[in-house]
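Working notes, beginning with the structure itself.
Number of protein chains: 2
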Amino acid sequence: MAHDLQHPSEPDPVLAGFRKSIDNIDAAIIHMLAERFRITQAVGEYKAKVTLPPADPEREARQIARLRKLSEEADLDPEFSEKFLRFIIDEVIRHHERAAAG
Amino acid sequence: MAHDLQHPSEPDPVLAGFRKSIDNIDAAIIHMLAERFRITQAVGEYKAKVTLPPADPEREARQIARLRKLSEEADLDPEFSEKFLRFIIDEVIRHHERAAAG
Numbered sequence: 701m702a703h704d705l706q707h708p709s710e711p712d713p714v715l716a717g718f719r720k721s722i723d724n725i726d727a728a729i730i731h732m733l734a735e736r737f738r739i740t741q742a743v744g745e746y747k748a749k750v751t752l753p754p755a756d757p758e759r760e761a762r763q764i765a766r767l768r769k770l771s772e773e774a775d776l777d778p779e780f781s782e783k784f785l786r787f788i789i790d791e792v793i794r795h796h797e798r799a800a801a802g
Numbered sequence: 701m702a703h704d705l706q707h708p709s710e711p712d713p714v715l716a717g718f719r720k721s722i723d724n725i726d727a728a729i730i731h732m733l734a735e736r737f738r739i740t741q742a743v744g745e746y747k748a749k750v751t752l753p754p755a756d757p758e759r760e761a762r763q764i765a766r767l768r769k770l771s772e773e774a775d776l777d778p779e780f781s782e783k784f785l786r787f788i789i790d791e792v793i794r795h796h797e798r799a800a801a802g
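Those protein sequence lines, which keep their order, are chains A and B. All letters in the first sequence, in the order written, are residues 701 to 802 by our numbering. All letters in the second sequence, in the order written, are residues 701 to 802 by our numbering.
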């Protein structure tokens, strides 16, 4: 089929429609994450300037509780939202370490 | 200070402003992820119905290349975007396994 030659691995229009939606959502998330890291970079610089400690376990606990609640409302696994926040915070810490190293 | 009694761990208005932005972005990402998992669930059901294989390594490779490119444009570490997609795909696989287990 001519169709298969053009798009050998995406011959199914239903599947292609789902994938288009996934790709749009992924692009949105990537841009949100880029903005989030811009802000956490500013937070890191600000905390260094006013000599606040880099980590704030109380703030993290509040963030986790809030995201778990939001996830439940959005029918997303709350465990996953906690894992997700941890994944992002670990990356923020790596950014700060890289910045500190120079 | 009365302010400190009300918000003991967030006495700094500059920091509070940054955190408000981070919280808004996190809420947006959580809702995007909830929608993404709704779609991947539909994809899983559709693939089972039309007997397509659950995994598609070629599609994954295209997704990774695309997100790396988007990340570069958004000044986000491309390595991170690849790790992020892997993190999400692993969760999708867990969802499918749970669904298959009943």
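For each residue, glycine too, the CB sits at the ideal point set by N, CA and C.
- Using a Cβ-Cβ cut-off of 8 angstroms, residue 755 of chain A does not count as an interface residue toward chain B, since no Cβ of chain B sits closer than that to its own.
- At a cut-off of 8 angstroms between C-beta atoms, residue 790 of chain B does not count as an interface residue with respect to chain A.
- Residue 734 of chain A sits close to residue 776 of chain B, with the two beta carbons spaced by under 8 angstroms.
- If you look at residue 802 of chain B, you'll find it isn't in any alpha helix (DSSP H); DSSP assigns it neither H nor E.
- Rounded to whole angstroms, the separation of the alpha carbons of residue 717 of chain A and residue 726 of chain A is 14 angstroms.
- In this structure, the beta-carbon distance from residue 767 of chain B to residue 788 of chain A does not fall below 8 angstroms.
- Boundaries of the alpha helix (DSSP H) harbouring residue 743 of chain B: 713-749, taken from the DSSP string.
- The Cβ atoms of residue 739 of chain A and residue 721 of chain B lie closer than 8 angstroms to each other.
- Burial of residue 747 of chain A is indicated by the presence of at least 16 other C-beta atoms within 10 angstroms of its C-beta.
- For residue 752 of chain A, the number of other beta carbons within 10 angstroms of its own is below 16, and it is reported as exposed.
- Residue nearest to residue 785 of chain B within the set B:801, B:715, B:750, B:770 is B:770 (criterion: CA-CA distance).
- Closer than 8 angstroms to the CB of residue 730 of chain B there is at least one CB belonging to chain A.
- For residue 751 of chain B, there are no neighbours in chain A by C-beta distance under 8 angstroms, as the nearest C-beta there is about 11 angstroms away.
- In terms of CA proximity to residue 792 of chain B, B:755 leads the group B:755, B:779, B:778, B:773.
- Annotation: Cβ neighbours of residue 735 of chain A in chain B (cutoff 9 angstroms, chain order): 721, 725, 774.
- Interface criterion not met: the Cβ of residue 793 of chain A is under 8 angstroms from no Cβ in chain B.
- A residue is called buried when at least 16 other Cβ atoms come within 10 angstroms of its Cβ; residue 736 of chain B meets this threshold and is buried.
- Scanning its chain for C-beta atoms nearer than 7 angstroms, with the 5 sequence neighbours on each side dropped, one finds no residue around residue 762 of chain B.
- With a beta-carbon spacing of about 6 angstroms, residue 744 of chain A and residue 799 of chain A fall inside the 8 angstroms limit used to define contacts.
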